[in-house]
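So the protein sequences, as listed, match chains A and B.
If you count the first sequence from 1, you need to add 1 to reach the numbering used here.
If you count the second sequence from 1, you need to add 35 to reach the numbering used here.
Glycine included, C-beta positions come from ideal geometry on N, C-alpha and C.
These notes are about the structure you will find just below.
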Amino acid sequence: MHRSLQTWLLVAQRLGVALITLVIVSFAVFFATELLPGDVAEILLGQAATPEAVAGLREAMGLNEPAISRFLSWLSGLATGDMGRSYVNDIEVADLLGRRLSNSLRLAVVVTVICVPFALTCGIAAAMWKGSILDRLVSILTISVISIPEFMVATLAVLVFAVWLSWLPALSYGADASNFGALLKAYAMPVITLTCVVSAQMIRMTRAAVIETINTPYVEMALLKGASRRRMVLRHALPNALGPIANAVALSLSYLVGGVIIVETVFNYPGVAKLMVDAVATRDLPLIQSCAMVFCVSYLSLITLADVVATLSNPRLRK
Amino acid sequence: MMQNTQSTPRKFSTERLGYAFNTTGKIGLAVILFWAVIAVIAPFITPYPPGKIVDWDYFGPISESYWMGTDYLGRDILSRVLMGARYTVGISLAGVTLACMGGVVLGMIAAVIGGWFDTILSRLLDAFNGIPSLLFGLVVVAAVGSSIPVLILTLAAIYLPGSYRFARALAVNVNTMDFVTVARARGEKTTYLIRTEILPNILGPVLADLGLRFVFIVLVLSGLSFLGIGVQPPHADWGGLVRENIEGLSLGAPAVIFPCIAIASLTISVNMFIDNLPQKIRDRSH
């Protein structure tokens, strides 16, 4: 009873750290975008603005208040779901984001569903037959995918599936696909690319986690007792590697966040990342800030989840 | 990494003075040196001026006069890839040097001083690790505008926390050793401890880490350029070249493929080189 209480305290502490981190991150995001040279009001009104008009707009937008109080009101707005209005098209940021977010999440869920079983199978198999041709092939493939930029994986996917095999269209529109086949085709390219990027990481981490457990004395004991290699890995090593594997899965899913930025741009997929890249092009500050926060929150929660899983599964980490 | 843990550690058998590299490591090193040389001499060996339109056709195929085809405006890709090496290698190298120098110095100071300084710095830098790297670049560059110094500083800022964490972990181990305690008892200053006692003992792993971070920086820089906020036209690094010519992808144009190959050849060979570094350099602190 005492022990489990201690564990939960540790988890609560980790969550607290994540919350503090989130505040620091939002601080960084806010002030990075505040660095924008020139005055927002001047940019909005354009070249022909009179000084009076600029002053009026500054007053209306609350730009005359000190940065710190603007930061606080922005933060409290975020917490209550009020993200302000987009400068460029004067729509509530929350409305713009909502639709895009569901698109991005759909992509992420599909990738996760494909990726996790695939990567776990590959990683465990590679660890089980460590040093075999299969293991070396998997190692070379994963390290190649990790060493090249995400857009290159996307480029290769287009070259193979759209240009040489011409199975799929080169660009995805993600929008309303009427029947299942068309939907599948529209999603195929982004999903293939992201799956490659994320599963490469996941396979490597899973393999490392399983190999680490295989190297422990009790697994060696199982081998010495005459257990087969398969039994040794699946019965003795795997249950103990579950914690590290779950940790690996959550950590590699955080690569989705970076990958999705590139993939949505390449394939013109209407998700949050595309929205943000477009907002960067038009310097639409409230939109950039909100999109950045969406990414930071998802990234942080995945990393925190990975840490919490590791703490819960490994008694040694509980000190 | 993986191959190395498998091979039995050569104990005291290698008594050669020089460091021995295996074939994979040598190939990696050769490719790295090749691109480093190209980055320096690029302006003298480009067959055409990189910004000049030399072909009437766009997305031209590989031919006698244009070894890598031509781009969307009819510029020679070979010349642009050679010049791109300057931007990609140069910016990444400057970024990784800054990141690692800053990270290692701060890490060593934190390990030696310890206490609240260490705690606060570690917590703060950990918080920055909570921002995805590409996103951080996107926000900063969007805010301050894109120029080469901004790119270098941003990339350095992204990878400084990781480097700090790595160096601090190594330095904390060295810090507990007897010779450091002795030096401290002698009354040596922090600067002396860092420079003379700690740094030489963590240098090998730190340099290996620098190599890996270089790869990450090349990838993020290419990503930023690909999104259009890296090196600005008319100049282009390799990521920028891919962006410019992405329209030619559905035609299978060489203009997209060659810059990609250039990036991959650099990053993969750095990985190959680092993975095959002699144990002597990699694991000095262990």
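Query, Result
"Candidates A:117, A:216, A:83, of which the one nearest residue 96 of chain A by Cα", "A:83"
"Residue 69 of chain B at chain A interface by Cβ criterion, 8 Å", "no"
"Exposure label - residue 214 of chain B; buried when at least 16 CB within 10 Å", "exposed"
"Neighbour list for residue 306 of chain B in chain A, Cβ cutoff strictly below 7 Å", "144, 148"
"Cβ shell of residue 237 of chain A (< 8 Å), same chain only, five flanking positions each side left out", "219, 220, 223, 228"
"Three-state secondary structure (DSSP) of residue 232 of chain A", "helix"
"Paired residues, beta bridge with residue 105 of chain B - DSSP", "B:111"
"Listed by chain order, chain B residues near residue 204 of chain A by CB distance under 9 Å", "Those do not exist, as residue 204 of chain A stays about 12 Å from chain B at its closest Cβ, beyond 9 Å."
"Identity of the residues DSSP links to residue 86 of chain A by a beta bridge", "A:93"
"Chain A contacts made by the segment 165–183 of chain B, where a contact means CB separation under 9 Å", "165, 166, 167, 168, 169, 170, 171, 173, 174, 175, 176, 177, 178, 179, 180"
"Assigned exposure category for residue 91 of chain A - 16 Cβ within 10 Å defines buried", "exposed"
"Neighbouring residues, chain B, relative to residue 1 of chain A (Cβ below 8 Å)", "With chain A running from 2 to 320 in the structure shown, residue 1 of chain A is simply not present."
"For residue 215 of chain A, three-class secondary structure by DSSP", "helix"
"is_contact[residue 175 of chain A, chain B] using C-beta, thresh 8 Å", "At residue 175 of chain A the pLDDT is 46, less than 50, meaning the model places this residue with poor confidence; the figure from the coordinates comes in the next sentence. No, residue 175 of chain A lies away from the interface with chain B (no Cβ there is under 8 Å from its Cβ)."
"Exposure label - residue 280 of chain B; buried when at least 16 CB within 10 Å", "buried"
"Strand pairing of residue 88 of chain B, partner residues [DSSP]", "B:110"
"Own chain residues within Cβ distance below 6 Å of residue 108 of chain B, not counting five before or after", "88"
"In chain order, each alpha helix (DSSP H) run of at least 4 residues that lies wholly inside the segment 234–272 of chain B", "234–261"
"Residues of its chain near residue 199 of chain B, where Cβ-Cβ distance is below 6 Å and the 5 sequence neighbours each way are ignored", "138, 141, 142, 160"
"Integer Cβ distance of residue 54 of chain A from residue 301 of chain A, believed to fall under 8 Å", "With 8 Å as the limit, residue 54 of chain A and residue 301 of chain A do not qualify as a contact, their Cβ atoms being about 41 Å apart."
"Test: residue 79 of chain A CB closer than 8 Å to a CB of chain B", "no"
"Interface flag, residue 127 of chain B vs chain A, CB-CB below 8 Å", "no"
"Residue 151 of chain A, enclosing alpha helix (DSSP H) - first and last residue", "151–158"
"Residue-chain proximity (residue 137 of chain B, chain A), Cβ-Cβ < 8 Å", "no"
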